[in-house]
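Participant: The following block contains the structure, expressed as structure tokens.
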Amino acid sequence: MIPRYSASSLASHWQMISYSANICRFSLITLLAGCVLLLVGQGQDLIISTAEHANKLIMIALFVGSTLLWAMSAALWARILMWTEFPGTPHDNPFLDDYRRQVPRYIALLPFLVVILASWKAGAPATDFIGPALVTGIIFLSYFYRREIFQKSAHLLKMKTDRFDRPELQATPAIDLLSPMQSMKAWVGRFAFATTLAGLVLLLWGIVSPLTLGSLFNALILIMIWGATFLPLGSWITFTANKTGLPLVTLSLVLAVIFSAWNDNHAIRPLKRETQAQRISASELVDRWADNHCQKKGTTVDCGPMVIVATAGGGIRAAYWTGLVLGTLEDEIPGFNDRLLAISGVSGGSLGAAVYGGVVSGAHANGCNGKVMECSTGVLSIDYLSPLSASLLYPDLLQRFLPVALFTGRGATLEHAWEQGFREITGTDALAQSFSALGQIDNMKPWPALFLNATWSNNGRRIVASTVDISREPAFRLANDQLGVINYDIRLSTAAHNSARFPYVSPPGSWHKGKDSDLVAGRIKGRLQDGGLFENYGAETAMEILALVKSKLAGKRYQPIIIQISSDPTLPADLAKSPRGHVANFGYEVMTTIRTMANTRVGRGSEAAVRLRDMATTTGSYAHFRMCDGDNKRGEPPLGWALSPKAQRAIRGYLLNETGNGTHKDEKCKPENIAHVTMIAQCLSSQGCR
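Going left to right, the sequence shown walks through residues -2 to 687 as my numbering numbers them.
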């Protein structure tokens, strides 16, 4: 017997740990991915959203059931592989049988531990999952320890244990997954083929209709089911690679890298017509606004107040907050959107601006009780992460290993989901209509104009999708006109998405050389990504709008009102201050550069927002609608594409006086935001700004 703590014993354990990790690598990968998802902000909010579902008991059953399925698949596939005889199986290791028995058990335990920890961390009402998950986990683990339990019980009851000591019960018979008919004779083989079949069904479903697959399961449950049914593929790869000696995982990754030269399925969707609507220029926009509002009073021309909005990025949190702020201003201040010249949006703020723009174009006439705020927040309260996840996990993942583009990308699925959500809430289809024609439907006024900022990946510069033409405007000489560059019209949802293409969550959007009708056949000309990679506040474009107004309305009296909307609760009240930040020492030589690049993006945006504020206050008024930390008891709303009802209540609590909205004890932001509404209302009234 090898001494427990001898050098040879430790070496043997290390050999078995390495062997087990290699054999069970796909089970461990899904466990690690699930752990990361459940413990980050978006995962925590998904747990809360699941717990707050109207059919709570059903959702608890689904959540715990999907955890059980995930644990079963991870453990039983680990069991199959650990008991399979491979050419490299270390039979001379004295701990081989112990690891074969124990490793699947530990893997079975981990999903339940992760779910319980994540539910505890998320707090009420997610803690309701802890009890059912704990009970289910104990029952499931009891199955793996049934022999030990029976033997201990028999010993205590002085029963014979011969029936549990037979050698054939002490090991799992190896099955040959390369011989399906032979494998089906064992229950583990039948389980292997059942999970394989389930994975294929879900793959076909995800390819055909990721929207319906995403609507059936929320993202959290879907991802756990995907993990459980993805393991057959990963385990088959492991089995075949170890049996044949072929490096299948490495070969697959190499092929994916090679195929990436030809299989881009993320082209920016063109509107199904050959030409885009004729956009007026940005200068003409200001001229038309002036013709509508400016009046001669004595020797001066008075144009009154003009509103310009800059709204920052921050995922669904920023989108919901933008829709809430603009919708509240629209509902409470008569004539607000008539005075609103333009909105400069970035990332999630662009989605909020697009939804608001679609609503005020007349889309709310059929729903939401005629309230713009209810329409906007209703659209933005829908779970868009689930269809995005369905597309990402099934057709888009498969597409990476195919040589040509065959499947619709996850970006298009997200846009379809936004359009469907808008249609359900408002009863109209504005989000799926022409972006360039927004505001000109039925000869409507062309304001508020949208300026949705993206980042041109080719050169790192701003590329702005606008409802007006900025390509020949001196004020916008540093920006690029997106519709002019890609040379075709797009939907309102696509324009918002081009500004909100979070790295890796949404793919870079590409456009091609060639005619509009031959986009796929042409060569890729460029790609764009999230506007927040350049500047996250929309302030640079807002300053250019203000500069254009200044030049066009020279000699006229007007009162600019600049509204800045931000959604990061960690920002200081005064963006001009340089926060000290956190100094991290671990891996500093590598990580410092990465942190600096990320912080520079935030710092550059803060500086632009300060310049916008200074520019506004010299001639007009400025209001910053923001969130703040307070006592941070409710947590920070997530950045993804789904908000729990709890997160929605928290965001509404920054502005609205509602019961049960879960606001901070320190409500310093709410009075400030409400005061901004009062100030803007006064400015737009006959009294004017004071």
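Each residue gets a CB set at the ideal place from its N, CA and C atoms; glycine is no exception.
Count the other CB atoms within 10 Å of the CB of I591; is the residue buried (16 or more) or exposed (fewer)?
Facilitator: Exposed: under 16 other Cβ atoms inside 10 Å.
Participant: Residues in its own chain within less than 8 Å of G481 by CB, not counting five upstream and five downstream?
Facilitator: D466, S468
Participant: Need the endpoints of the beta strand (DSSP E) that M303 sits in, please.
Facilitator: 297 to 308
Participant: Taking the alpha-carbon positions, what's the W67 to I313 distance?
Facilitator: 28 Å
Participant: What does DSSP give as the partner residues of Q292 in its beta bridges?
Facilitator: D299
Participant: Measure the beta-carbon distance from V401 to S373 and round it to whole angstroms, keeping in mind my assumption that it falls under 8 Å.
Facilitator: That belief does not hold up - the Cβ atoms of V401 and S373 are roughly 40 Å apart, past 8 Å.
Participant: Measure how close the beta-carbons of S344 and V306 come, nearest whole angstrom, since I'm counting them as under 8 Å.
Facilitator: The pair is not a contact, with the Cβ atoms about 15 Å apart (cut-off 8 Å).
Participant: When we look at the beta-carbon of M624 and count the other beta-carbons within 10 Å, is it buried (16 or more) or exposed?
Facilitator: buried
Participant: Can you give the beta carbon distance from T410 to S388, rounded, assuming they're within the 8 Å contact cut?
Facilitator: 4 Å
Participant: Is K643 near the ligand GDP, judged by its Cβ being under 7 Å from some heavy atom?
Facilitator: The ligand GDP is not among the ligands present in this structure, which contains no ligands whatsoever.
Participant: Pick helix, strand or coil for A381, following the three-state DSSP scheme.
Facilitator: Before going further, note that residue 381 is Tyr rather than Ala in the sequence given. Coil, per DSSP.
Participant: Please state the DSSP three-state secondary structure of I265.
Facilitator: coil
Participant: Restricting to Cα atoms, I'd like to know which of F236, A238, S641, R420 is closest to A123.
Facilitator: S641
Participant: Quick one: grab the DSSP three-state call for P445.
Facilitator: Collapsing the DSSP output to three states places P445 in coil.
Participant: I'd like to confirm the pairing. Which residues does DSSP put opposite P500 in its beta bridges?
Facilitator: BP columns for P500 point to S503.
Participant: Considering only C-alpha positions, which residue in the set P87, G367, C32, F141 is nearest to R76?
Facilitator: F141
Participant: Using alpha carbons as the reference points, say which of L106, F256, P505, F448 lies closest to I136.
Facilitator: L106
Participant: Which of helix, strand or coil does DSSP assign to G523?
Facilitator: strand
Participant: Would you tell me roughly how many angstroms separate the C-alpha atoms of Q41 and I55, rounded to the nearest one?
Facilitator: Near 19 Å, if we compare the C-alpha coordinates of I55 and Q41.
Participant: Can you list, in chain order, the residues of its chain whose CB lies under 8 Å from that of P505, leaving out five sequence neighbours each side?
Facilitator: The residues are H263, S454, R498, R524, L525, Q526.
Participant: Got a sec, what are the start and stop residues for the alpha helix (DSSP H) F419 sits in?
Facilitator: Taken as a continuous stretch (DSSP letters only), the alpha helix (DSSP H) holding F419 covers 407 to 423.
Participant: Is it true that the stretch 604 to 617 meets the stretch 551 to 564, where meeting means three or more beta-carbon pairs spaced less than 8 Å apart?
Facilitator: Contact between the stretch 604 to 617 and the stretch 551 to 564 is present: three or more C-beta pairs spanning the two stretches fall below 8 Å.
Participant: Would you kindly work out how many angstroms separate the C-alpha atoms of C365 and A644, rounded to a whole number?
Facilitator: 21 Å
Participant: According to DSSP, is P566 part of a helix, a strand, or is it coil?
Facilitator: coil
Participant: Using alpha carbons as the reference points, say which of R554, I483, W444, A639 lies closest to I542.
Facilitator: If you compare the alpha carbons of R554, I483, W444, A639 with that of I542, the shortest gap goes to W444.
Participant: Can you pull the DSSP bridge partners for V246?
Facilitator: For V246, which the question treats as bridged, DSSP gives no partner whatsoever.
Participant: Report the CB separation of S6 from M79 in whole angstroms; it is logged as a contact under 8 Å.
Facilitator: Going by Cβ atoms, the distance from S6 to M79 rounds to 20 Å, so no, they are not a contact pair.
Participant: So, at 6 Å on beta carbons, what are the nonlocal neighbours of V298 in its own chain, with the 5 sequence-adjacent residues on each side left out?
Facilitator: Excluding residues within five positions, the ones whose Cβ falls inside 6 Å are C291, K553.
Participant: Exposed or buried, which one is V322 when buried takes at least 16 other CB atoms within 10 Å?
Facilitator: buried
Participant: Which residues in the same chain as K512 place their Cβ atom closer than 7 Å to its Cβ, once the five residues preceding and following it in sequence are excluded?
Facilitator: Because K512 sits at a pLDDT of 47, beneath the cut-off of 50, its placement in the model cannot be relied upon, and the point is left open.
Participant: Check whether the Cβ atoms of T308 and G354 sit closer than 8 Å, and answer yes or no.
Facilitator: At a Cβ-Cβ threshold of 8 Å, T308 and G354 do not count as neighbours.
Participant: At the level of alpha carbons, what is the spacing between V254 and L395?
Facilitator: Spanning the alpha carbons of V254 and L395 requires a straight line of approximately 13 Å.
Participant: In terms of residues, what are the limits of the beta strand (DSSP E) holding V674?
Facilitator: V674 -> not in any beta strand (DSSP E); alpha helix (DSSP H) instead, spanning 666 to 681.
Participant: Can you tell me where the beta strand (DSSP E) holding A30 begins and where it ends?
Facilitator: No beta strand (DSSP E) holds A30; the alpha helix (DSSP H) holding it covers 22 to 36.
Participant: Where does M594 land, buried or exposed, given buried means 16+ other C-beta within 10 angstroms?
Facilitator: exposed
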